[in-house]
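K.L.:
The structure's right below; bear with me while I get my questions together.
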Amino acid sequence: MKILIIHHSGLHGGAGISLYNTWLELQDYYEVVTYIPNSPSQLFDFLTSKGLKPKVFPFKLGKITHYSGGNSLLQPRFWYHALHSMFQVKYWQRIEIEENPDLIIVNSKVLSWMGKIFKKSATLCFVRETIAGKTNSLINKYMNRNLENFSAVSFLSEFDLKQTNLKKTNAFVVPDFLDKIDYIDSYGKTDSCKKLNIPFDSTNILFVGGINRLKGVDLVLKALVEIKNEKISLIIAGNDDGVVNESNLIRYYLTRIKKHKQIVYSKKIKDFIRKNKIEEKVYFIGIQKNISLAYSASDFLIFPMIKPHQARPVFEIGVQKKTAVISDFPNIRELIVHDVNGLTFSPGKYASLSFLILKLVNDPALLKRLGENNYKMSLSRHSKENALRILLEQIRLILQKKKVN
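Residue numbers for the sequence shown follow the working numbering, beginning at 152 and rising by one.
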């Protein structure tokens with residue numbers, strides 16, 4: 152039997168990693184064909200480096216970008232993304248005919264508009280986002296109606312499943328999963344730090360959001376200023392959207408216009424670092440193809456998101472028996488239990504974040520206990536074996552029902 156996966160972004164982020172893991176495992180049981188955007192090429196390069204062969208489409212995929220951390224209906228970007236879908240229905244219907252899959256998987260809720268365009272195949276939507284605003288708002292009701300058109304819908308947590316509260320379609324939970332071997336500590340802290348050209352004789356705290364307002368980079372830096380006299384280094388992994396790399400002059404200026412907000416925010420962050428004289432404590436290491444190296448170089452993770460967001464790095468670093476400090480939102484309470492496998496603080500409270508950082512720095516026994524518990528939770532909840540068992544059973548049921556109908 153054949154599965155067609157449609158992915159919405161060319162970026163190499165958490166959803167891209169989840170796509171890779173899912174594709175890698177499903178291809179042992181099914182013929183799998185995957186379509187991704189050709190631009191940006193980050194995800195394509197990553198997947199091909201792993202021996203996979205994605206097919207690409209040469210346009211921006213239509214998306215309904217209303218989710219926690221996404222766009223509101225009042226923002227032009229929402230309509231810019233959404234209106235693309237009007238002109239892409241026939242393209243995807245043609246792909247369905249050409250590929251003739253038994254099951255079509257869309258790898259994000261932003262593609263919920265695809266639920267009713269496919270005629271022959273069973274369909275499955277992976278919801279990787281948390282609802283924004285009131286659950287009974289018009290836009291959330293509209294997206295839920297779209298989800299009801301799928302043969303089945305998979306959520307990452309019980310919280311997200313209950314919050315969406317679908318009535319007609321089969322809804323279930325498959326936690327994000329990982330292969331432990333991809334995240335083990337292969338080099339140790341000292342050698343990992345040398346490879347990344349960062350200090351190894353300080354307490355290294357890792358932030359994986361890049362220069363991103365939603366992920367809370369400004370909170371991290373404000374917390375660091377509070378404790379800048381301590382021997383602590385901040386490692387920032389991820390993209391800087393404020394940097395424009397275009398060789399063509401016209402494209403350079405067009406990109407600068409398009410990325411105006413990101414450029415201004417990036418400058419603001421860098422000015423803050425200089426103004427508060429913490430340049431020697433902050434290390435930007437960019438996008439990491441092998442994120443386990445950054446985990447190895449760090450003592451623990453911080454994830455101070457300002458809105459509910461999925462937090463895959465929490466259980467990835469758990470493989471190395473390391474813990475995390477994270478903003479306390481309802482959607483992450485299945486992932487982190489305060490003072491059990493990590494520490495939580497009220498969103499936006501950078502003084503609380505700095506207090507918890509110092510707490511871990513000054514209490515090695517606590518750091519070790521939380522790390523060991525995070526290891527146990529990461530492997531029990533996010534192991535490949537557990538999640539794959541659920542997913543394969545659900546796919547079997549979806550295909551079985553399609554065959555009967």
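Just so you know, even glycine gets a beta-carbon here, dropped at the ideal spot from N, CA and C. A quick note: this is a predicted structure, and the numbers were derived from the prediction, not measured.
If you measure between the beta carbons of lysine 553 and serine 305, is that distance less than 8 Å?
P.N.:
Cβ atoms of lysine 553 and serine 305: not closer than 8 Å.
K.L.:
In terms of DSSP beta bridges, what is glutamine 493 paired with?
P.N.:
The sequence shown places glycine at residue 493, not glutamine. Bridge partners of glycine 493: His489.
K.L.:
Does DSSP put proline 227 in a helix, in a strand, or in coil?
P.N.:
In the structure shown, proline 227 sits in a helix (DSSP, three-state: H, G or I).
K.L.:
Out of curiosity, what's the CA-to-CA distance linking lysine 519 and lysine 432?
P.N.:
For lysine 519 and lysine 432, the distance between alpha carbons rounds to 24 Å.
K.L.:
Could you tell me the alpha carbon to alpha carbon distance between isoleucine 457 and isoleucine 248, rounded to whole angstroms?
P.N.:
Approximately 43 Å, taken between the alpha carbons.
K.L.:
By Cβ distance, which residues of its chain are closer than 8 Å to isoleucine 282, with the 5 residues on each side in sequence left out?
P.N.:
So the list reads Tyr218, Ser219, Asn291, Asp311, Gln314, Thr315, once near-sequence residues are dropped.
K.L.:
So what's glutamate 397 in DSSP terms, helix, strand or just coil?
P.N.:
In the structure shown, glutamate 397 sits in coil (DSSP, three-state: anything other than H, G, I, E or B).
K.L.:
From Gly167, Gln413, Lys410, pick the residue whose C-alpha is nearest to that of lysine 440; which is it?
P.N.:
Lysine 440 has its Cα closest to that of Gly167, out of Gly167, Gln413, Lys410.
K.L.:
Whole angstroms are fine: how far does the CA of glycine 213 sit from the CA of valine 240?
P.N.:
Taking the straight line from one Cα to the other gives about 10 Å.
K.L.:
Answer yes or no: do phenylalanine 466 and serine 529 have a C-beta to C-beta separation smaller than 8 Å?
P.N.:
Yes.
K.L.:
Can you give me the C-alpha to C-alpha distance between glutamine 471 and valine 257, rounded to a whole angstrom?
P.N.:
Near 31 Å, if we compare the C-alpha coordinates of valine 257 and glutamine 471.
K.L.:
Short of 8 Å in beta carbon distance, which residues of its chain neighbour leucine 517, apart from the five on each side in sequence? Order them along the chain.
P.N.:
Once the five neighbours on either side are set aside, the close Cβ partners of leucine 517 are Lys510, Leu511.
K.L.:
Taking C-beta to C-beta, are asparagine 172 and leucine 307 nearer than 8 Å?
P.N.:
In this structure, leucine 307 does not lie closer than 8 Å to asparagine 172 by Cβ.
K.L.:
Among the residues of its own chain, which have a CB less than 8 Å from the CB of valine 394, if the five just before and after it don't count?
P.N.:
Only Ser417 meet the Cβ criterion.
K.L.:
Determine the direct distance from the alpha carbon of leucine 405 to that of lysine 331, and round the result to whole angstroms.
P.N.:
Cα to Cα, lysine 331 sits roughly 42 Å from leucine 405.
K.L.:
According to DSSP, simplified to helix, strand and coil, what is leucine 370?
P.N.:
Reduced to three states, the DSSP call for leucine 370 is helix.
K.L.:
Who does threonine 274 pair with in a DSSP beta bridge?
P.N.:
Answer is Ile255, bridged to threonine 274.
K.L.:
Taking the beta strand (DSSP E) that lysine 206 falls in, what are its first and last residues?
P.N.:
Segment 206 to 208, the beta strand (DSSP E) holding lysine 206.
K.L.:
Return the CA-CA distance between serine 384 and phenylalanine 358, expressed in angstroms with no decimal places.
P.N.:
If I take the Cα positions, the gap works out to 11 Å.
K.L.:
Helix, strand or coil for leucine 162 per DSSP?
P.N.:
Three-state result, leucine 162: coil.
K.L.:
Could you tell me the boundaries of the beta strand (DSSP E) in which proline 188 lies?
P.N.:
Proline 188 -> beta strand (DSSP E) spans 182 to 188.
K.L.:
Using only the alpha-carbon positions, how far apart do leucine 449 and valine 476 sit?
P.N.:
Note on residue identity: the sequence assigns serine, not leucine, to residue 449. Roughly 13 Å separates the two Cα atoms.
K.L.:
In terms of alpha-carbon separation, which member of Asp327, Asn295, Asp333, His533 lies closest to leucine 317?
P.N.:
Considering only alpha carbons, the answer is Asn295.
K.L.:
Around the Cβ of lysine 366, are there at least 16 other Cβ atoms within 10 angstroms (buried) or fewer (exposed)?
P.N.:
Lysine 366 is buried by the Cβ-count criterion.
K.L.:
Are leucine 298 and serine 263 close, meaning C-beta to C-beta below 8 Å?
P.N.:
Yes.
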